[in-house]
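Everything below concerns the one structure shown next.
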Amino acid sequence: MAAVQQVPWPTENCQSLFEHTIRNPVSTSGIGLHYGVDASVRLMPAKAGTGLVFVRTDLDDFEIPASWRHVAKLEFATRLLYQGVFLSTTEHLLSALYALGIDNVRIEIDNLEVPIKDGSSRAFADMLSQAGFKRQRRKRRYMRIRKRVEVADSGKCVSIEPAEGFSVQCETFFPHPMVGDQRLAMAVTPEAYLSGVAPARTFGFESELAAMRDAGLIRGGSLENAVCFADSGALLNDGGLRFADEPCRHKCLDLIGDLSLVGHPLIGRVVATCGGHAMHVALVRRIVQDPDNYEIVTLDQIEPSVNGLDA
Ligand SMILES: [Zn+2]
Numbered sequence: 166m167a168a169v170q171q172v173p174w175p176t177e178n179c180q181s182l183f184e185h186t187i188r189n190p191v192s193t194s195g196i197g198l199h200y201g202v203d204a205s206v207r208l209m210p211a212k213a214g215t216g217l218v219f220v221r222t223d224l225d226d227f228e229i230p231a232s233w234r235h236v237a238k239l240e241f242a243t244r245l246l247y248q249g250v251f252l253s254t255t256e257h258l259l260s261a262l263y264a265l266g267i268d269n270v271r272i273e274i275d276n277l278e279v280p281i282k283d284g285s286s287r288a289f290a291d292m293l294s295q296a297g298f299k300r301q302r303r304k305r306r307y308m309r310i311r312k313r314v315e316v317a318d319s320g321k322c323v324s325i326e327p328a329e330g331f332s333v334q335c336e337t338f339f340p341h342p343m344v345g346d347q348r349l350a351m352a353v354t355p356e357a358y359l360s361g362v363a364p365a366r367t368f369g370f371e372s373e374l375a376a377m378r379d380a381g382l383i384r385g386g387s388l389e390n391a392v393c394f395a396d397s398g399a400l401l402n403d404g405g406l407r408f409a410d411e412p413c414r415h416k417c418l419d420l421i422g423d424l425s426l427v428g429h430p431l432i433g434r435v436v437a438t439c440g441g442h443a444m445h446v447a448l449v450r451r452i453v454q455d456p457d458n459y460e461i462v463t464l465d466q467i468e469p470s471v472n473g474l475d476a
């Protein structure tokens, strides 16, 4: 496996007093998983306070902010929809941006789906590493969770509770001999993300492929961009898994990407039991619907020792 990180990543970036953008534009391209269309993506530095904003360059630079306010369908991918303009499969790119502590970037894209690359967020993390970081003058506004919030539905549950930093725990169960019960808990730091989450690929089961194709999904899917577990109990991909618990790690990747739609870096502990995109976004909506659930704070308000010399 190629090294994820070409340059040292600032450890403190996810606990920074200030917002960050990227230092230089950076681009990639490739086929999308569900719609099978080719797209080019270019990440551009953006001014403080911009947030993460997609820009459809094929539609007169129409802007779609990466926000829970603009979420459309959530089957097998997180799709944004704003004033009739659509963008699919945003979660892996958003996951890398959010985990690596990038607050402001314009994401120019010339089609309706973000490229799937190898099914993980490693290519996006590599790109960001190449682009470098730039600290900005605006203080970062964290969303600190004050009360436990939960969404639950027939044995599935996703919750967030007050905590010191930002951490996620995923518990998954898939009835396949190579998968079964898996569990991963991690503090979301750039190091932990780059080594343990970014390389984890999206996955599916042979038994589900026909139904997904019938639904018009996975038109760009292949063993180059997804792990596929065969009905025989084996793996269809050559080369095996990247981690024994790669599916659970990929669920963490998706969860982090979907949480980015809250629009602020979170301070809280998230636990997802058999969650998926719809439940992740339902949790975000439940958090924001009651202002008593959170407070918006800068780091110097909660840690007086922070002096701004962190980057
Ligand atoms: Zn995914």
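To convert a position in the sequence shown, counted from 1, into my numbering, add 165.
Here a beta-carbon is modelled for each residue, glycine too, at the ideal position from N, C-alpha and C.
Contact test: residue i Cβ vs ligand 1 heavy atom, cutoff 7 Å
i: Glu256; result: yes
i: Asp419; result: yes
i: His199; result: no
i: Thr193; result: no
i: Thr337; result: no
i: His415; result: yes
i: Thr215; result: no
i: Val367; result: The residue asked about is misnamed: residue 367 is Thr in this sequence, not Val. The answer is yes for Thr367.
Residue nearest to residue i in terms of C-alpha spacing, selected from the options
i: Arg366; options: Gly266, Cys413, Val250 and Thr215; result: Cys413
i: His235; options: Glu371, Gly398 and Val427; result: Val427
i: Tyr307; options: Phe298, Phe331, Asp318 and Ser294; result: Phe331
i: Pro210; options: Ser387, Ala204 and Val220; result: Val220
i: Ala409; options: Val353, Ser260, Leu277 and Val344; result: Val344
i: Thr254; options: Thr186, Gly385, Ala296 and Leu448; result: Gly385
i: Lys212; options: Ala242, His185 and Trp233; result: His185
i: Ser368; options: Ala237, Ser192, Ala242 and Thr222; result: Per the sequence shown, the amino acid found at residue 368 is Phe instead of Ser. If we check each option's Cα against that of Phe368, Ala242 comes out closest.
i: Met377; options: Tyr200, Cys439, Arg244 and Ile196; result: Tyr200
i: Ala317; options: Cys439, Glu256 and Ile467; result: Cys439
i: Ser286; options: Thr337, Leu359 and Arg348; result: Leu359
C-beta contact flag for residue i and residue j at 8 Å
i: Ala264; j: Pro355; result: yes
i: Cys335; j: Glu371; result: no
i: Val436; j: Ser294; result: no
i: Gly249; j: Ala231; result: no
i: Leu406; j: Gln180; result: no
i: Asn458; j: Arg311; result: yes
i: Val202; j: Glu278; result: yes
i: Ala204; j: Asp291; result: no
i: Glu326; j: Arg434; result: yes
i: Ser353; j: Ile432; result: Looking at the sequence provided, one finds Val at residue 353 rather than Ser. Against a cut-off of 8 Å, the Cβ pair of Ile432 and Val353 comes out as no contact.
i: Arg309; j: Glu460; result: yes
i: Val449; j: Asp423; result: yes
i: Ala363; j: Ala261; result: yes
Residue i - DSSP class collapsed to helix/strand/coil
i: Lys321; result: strand
i: Ile383; result: coil
i: Lys312; result: coil
i: Asp275; result: coil
i: His185; result: strand
i: Arg477; result: Since the first residue of the chain shown is 166 and the last is 476, residue 477 is not available in this structure.
i: Gln248; result: coil
i: Pro230; result: strand
Integer Cβ distance of residue i from residue j, believed to fall under 8 Å
i: Lys282; j: Arg188; result: Between Arg188 and Lys282 the Cβ distance is about 22 Å, and since that is not below 8 Å, they are no contact.
i: Leu239; j: His442; result: 4 Å
i: Leu198; j: Ile383; result: 6 Å
i: Ser425; j: Leu252; result: Not a contact, Cβ separation roughly 14 Å.
i: Arg303; j: Phe227; result: Actually they are not in contact, since the Cβ atoms of Arg303 and Phe227 sit about 25 Å apart, beyond 8 Å.
i: Leu245; j: Ile267; result: The Cβ separation is near 18 Å, so there is no contact.
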